[in-house]
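Some notes on the structure that comes next.
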Amino acid sequence: MAWTRKQKRLGVIAGLGVILALAAGLILTALRDQIVFFYSPTEIAEAAIAPGTPIRLGGLVLEGSWQQDGETNVFVVHDGAGEMTAHFTGILPDLFREGQGVVAEGSVQPDGTFLATNVLAKHDETYMPREVADSLREQGVWQGEEG
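All residue numbers for the sequence shown refer to this note's numbering, where the first residue is 159 and numbers rise by one.
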């Protein structure tokens, strides 16, 4: 039985579709841990993330927790249900404040603290990334307007 041009074309298109679907699946599988913008302290505790794994920690800086000694900064990030102590060496953003939203990039250490390599701060919840604001709403610690 001879294949018609239409059947050959349909076979090629179907084959390309399968290849594209497999490629997309492989990419999503490889990046599944990086798709999440950040983890809250509670999510980090529940997920049992291995020490040294690069992640982002997000939440609010606990009032009264920030300690600074030169460029060494220690502060507590909380989400209403849990908290995690973060260490950062470097200059913090001008907008970094206690009680404000923060996303820190880094890794969990064997002692359970977070070693940040980069800190992103927002002026207030109005300008906070949607993911941070949604997480804070879920935890019941949202301080901004509903919207």
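Ideal placement from N, C-alpha and C gives every residue a C-beta, glycine not left out. None of these values were measured; they are calculated from a predicted model.
Rounded distance between the beta-carbons of residue j and residue i, thought under 8 Å
i	j	result
Gly217	Val235	4 Å
Val261	Phe196	5 Å
Rounded separation between residue i and residue j - CA only
i	j	result
Gly305	Gly228	Because Gly305 sits at a pLDDT of 46, beneath the cut-off of 50, its placement in the model cannot be relied upon, and the point is left open.
Glu263	Thr271	13 Å
Leu174	Met159	24 Å
Leu168	Ala182	21 Å
Lys166	Val176	15 Å
Glu151	Glu204	Summary: the structure shown does not reach residue 151, with the chain confined to residues 159 through 305, and so no result is reported for it.
Ile171	Arg163	12 Å
Val219	Leu178	43 Å
8 Å Cβ cutoff, residue i in contact with chain B
i	result
Glu256	Given the protein chain composition of this structure (a single chain), no chain B is represented.
Beta-carbon gap between residue i and residue j smaller than 8 Å
i	j	result
Pro268	Glu241	no
Gly257	Glu221	yes
Ala274	Pro251	no
Leu215	Ala239	no
Val266	Ile185	no
Among the options, the one whose alpha carbon lies nearest that of residue i
i	options	result
Ser223	Leu189, Arg255, Ala274	Arg255
Gly248	Val232, Leu189, Arg214, Gly259	Val232
Leu189	Ile213, Arg295, Thr230	Ile213
Residue span of the alpha helix (DSSP H) that contains residue i, given as start and end
i	result
Gly175	163-189
Pro251	From DSSP, Pro251 is part of no alpha helix (DSSP H); its letter is neither H nor E.
Pro199	199-205
Enclosing beta strand (DSSP E) for residue i [first to last residue]
i	result
Gln225	225-227
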